[in-house]
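Colleague: When the letters of the sequence shown are read in order and numbered with the working numbering, they come out as residues 5 to 267.
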Amino acid sequence: TSFMLAYKLFLLTIMMNRTVALLLATISCSHAFSTQPSVSAPRSTTELFAEAEDRRSFLTTVAAVIPAVAYSAPAFASGGATAGKYTTIPIAKRRYYGRVQEAVHEFLLMGPAVIKGDLTDPVVQDFFDVTKTVVVQGKKKDINGVCNKKDGDCRAADIFDSRYNDMKTTMYLLGNAFRINQQKAPDNLPTVKAAKKFFKTMNLFERKVLKNPSSNDKAATALYAEALDLLDIYLDLVELPPTESGNYDKEFSTLVGESSRIT
Numbered sequence: 005t006s007f008m009l010a011y012k013l014f015l016l017t018i019m020m021n022r023t024v025a026l027l028l029a030t031i032s033c034s035h036a037f038s039t040q041p042s043v044s045a046p047r048s049t050t051e052l053f054a055e056a057e058d059r060r061s062f063l064t065t066v067a068a069v070i071p072a073v074a075y076s077a078p079a080f081a082s083g084g085a086t087a088g089k090y091t092t093i094p095i096a097k098r099r100y101y102g103r104v105q106e107a108v109h110e111f112l113l114m115g116p117a118v119i120k121g122d123l124t125d126p127v128v129q130d131f132f133d134v135t136k137t138v139v140v141q142g143k144k145k146d147i148n149g150v151c152n153k154k155d156g157d158c159r160a161a162d163i164f165d166s167r168y169n170d171m172k173t174t175m176y177l178l179g180n181a182f183r184i185n186q187q188k189a190p191d192n193l194p195t196v197k198a199a200k201k202f203f204k205t206m207n208l209f210e211r212k213v214l215k216n217p218s219s220n221d222k223a224a225t226a227l228y229a230e231a232l233d234l235l236d237i238y239l240d241l242v243e244l245p246p247t248e249s250g251n252y253d254k255e256f257s258t259l260v261g262e263s264s265r266i267t
């Protein structure tokens with residue numbers, strides 16, 4: 005957003021001013037470089053050694069100042085989805101936008117059945133079925149068409165889970181990328197907080213679907229409506245359209261995208 009861009013530029017200006025000020029202060033305190041012409045009078049060995057020592061001190065100070073300033077600069081790259089690594093917002097969007105949007109698409113497909121209170125509807129059941137959704141496509145294990153496995157089985161094996169479980173994973177990872185520094189804990193990020201509020205309500209809804217589904221569960225209808233409002237709050241924070249925008253009327257590819265734009 006324009007506000008975040010202006011904020012980042014403001015922090016960069018402060019950082020650059022601080023760097024210049026420190027370097028100027030260091031130079032002013034040093035006698036390493038003089039603009040005055042050399043005096044032809046001969047200097048003693050002691051004076052020459054003193055000048056050389058002064059220059060070494062200046063270079064040592066500058067070498068210490070520059071890394072310190074660079075280290076203290078704010079990190080505009082987002083916090084890592086993997087511990088110890090950065091995941092920038094554009095990269096997170098390419099990785100997770102498709103999966104999050106597909107999850108929202110399937111979440112909205114449950115609407116007509118849930119409004120009637122029918123948790124036995126196949127669309128509702130499939131959303132929570134851990135055998136229905138391919139979350140990781142299998143890769144063949146052969147090398148240039150030759151299978152070197154001892155059992156001779158190099159077939160690709162897909163990994164399955166429920167769409168809801170994949171939704172929770174990708175919403176968390178996408179939300180964790182929306183940060184301006186690495187120091188803030190994920191649970192303190194507004195995006196992650198919004199995601200967890202949604203999960204809390206949906207976990208109650210999931211329990212009703214899996215444990216004792218009913219064809220006339222009005223309490224489940226209320227939970228779904230509450231989750232829908234919480235989902236819109238999250239979507240706004242991660243720069244995705246709201247649920248009523250019509251954006252989620254189609255299916256989405258869950259593969260890693262080539263662009264961070266909404267597709």
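Note that CB positions come from ideal geometry on N, CA and C, so glycine has one too. Computed from a predicted model, the values in this text were never measured in an experiment.
Out of Q129, D233 and D170, point me to the one whose CA is closest to Q105's CA.
Modeller: It is D170 whose Cα lies nearest to the Cα of Q105.
Colleague: In whole angstroms, what is the alpha-carbon distance linking Y252 and V127?
Modeller: So the alpha carbons of these two residues sit roughly 16 Å apart.
Colleague: Mapping the DSSP letters down to three states, classify I119 as helix, strand or coil.
Modeller: Three-state DSSP puts I119 in a helix.
Colleague: Counting pairs of Cβ atoms below 8 Å between the segment 214 to 223 and the segment 174 to 186, do you hit three or more?
Modeller: No, they do not touch.
Colleague: Only counting the same chain, and skipping five residues up and downstream in sequence, which positions put a Cβ closer than 6 Å to that of K136?
Modeller: Hits under 6 Å: D130.
Colleague: Is it a yes or a no for the segment 223 to 234 touching the segment 92 to 104, going by three-plus beta-carbon pairs under 8 Å?
Modeller: No, they do not touch.
Colleague: State whether the segment 155 to 168 contacts the segment 112 to 127, with contact taken as three or more CB pairs (one from each stretch) at a distance under 8 Å.
Modeller: The segment 155 to 168, when compared against the segment 112 to 127, does not touch it at the 8 Å Cβ threshold.
Colleague: Expressed to the nearest angstrom, what Euclidean distance is found between the alpha-carbon atoms of T247 and V108?
Modeller: One C-alpha to the other measures close to 8 Å.
Colleague: Would you give the residue range spanned by the beta strand (DSSP E) that F164 belongs to?
Modeller: Residues I163 to D165.
Colleague: Within its chain, find whatever has a CB closer than 7 Å to the CB of A117; leave out the 5 residues flanking it on each side and keep chain order.
Modeller: Closer than 7 Å at the Cβ level, and outside the excluded window around A117, lie D125, V127 and V128.
Colleague: Counting C-beta neighbours from all protein chains within 10 Å, is the total for L259 16 or more, i.e. buried, or is it exposed?
Modeller: L259 is exposed by the Cβ-count criterion.
Colleague: When the distance is taken between beta carbons, is R167 closer than 9 Å to F132?
Modeller: Yes, the Cβ-Cβ distance between F132 and R167 is below 9 Å.
Colleague: Ends of the beta strand (DSSP E) at V138?
Modeller: Where V138 is concerned, the enclosing beta strand (DSSP E) stretches over T137 to V140.
Colleague: So, with DSSP's three-state summary, where would you put V260?
Modeller: Three-state DSSP puts V260 in coil, outside helix and strand.
Colleague: Among F209, L241, R159 and R211, which one has its Cα closest to the Cα of A198?
Modeller: If we check each option's Cα against that of A198, L241 comes out closest.
Colleague: Consult DSSP for V108 and reduce its assignment to one of helix, strand or coil.
Modeller: Of the three classes helix, strand and coil, the one that applies to V108 here is helix, per DSSP.
Colleague: Taking only three categories from DSSP, how would you classify V242?
Modeller: In the structure shown, V242 sits in coil (DSSP, three-state: anything other than H, G, I, E or B).
Colleague: Taking the continuous alpha helix (DSSP H) assigned at N216, which residues delimit it?
Modeller: No alpha helix (DSSP H) holds N216; DSSP gives it neither H nor E.
Colleague: Label E110 either buried or exposed according to how many other C-beta atoms from any shown protein chain fall within 10 Å of its C-beta, with 16 as the threshold for buried.
Modeller: E110 comes out buried.
Colleague: Starting from the Cα of K254, find the closest Cα among L113, I93, T205 and A96 and give me that residue.
Modeller: The option with the nearest alpha carbon to K254 is L113.
Colleague: Three-state secondary structure (DSSP) at I227?
Modeller: For the record, residue 227 in the displayed sequence is Leu; it is not Ile. Of the three classes helix, strand and coil, the one that applies to L227 here is helix, per DSSP.
Colleague: To the nearest angstrom, report how far apart P78 and I93 are at their CA atoms.
Modeller: Residue confidence for P78 is low, a pLDDT of 38 falling below 50, so the modelled location carries little weight and cannot support an answer.
Colleague: State the Cα-Cα distance for the pair S249 and K212, rounded to the nearest angstrom.
Modeller: Their backbone Cα atoms lie some 28 Å apart in a straight line.
Colleague: Would you identify the three-state DSSP class for E255, choosing helix, strand or coil?
Modeller: Correct three-state label for E255: coil.
Colleague: Among F256, V196 and L214, which has the Cα closest to the Cα of L234?
Modeller: Of the listed residues, the one whose Cα sits closest to L234 is V196.
Colleague: Identify whether R103 lies in helix, strand or coil by the three-state DSSP scheme.
Modeller: If DSSP states are grouped into helix, strand and coil, R103 belongs with the helices.
Colleague: Suppose you measure from the CA of V134 to the CA of F164; what does that come to, to the nearest Å?
Modeller: Near 6 Å, if we compare the C-alpha coordinates of F164 and V134.
Colleague: Taking the CB atoms as reference points, tell me whether L227 and L208 lie closer together than 9 Å.
Modeller: Closer than 9 Å, so yes.
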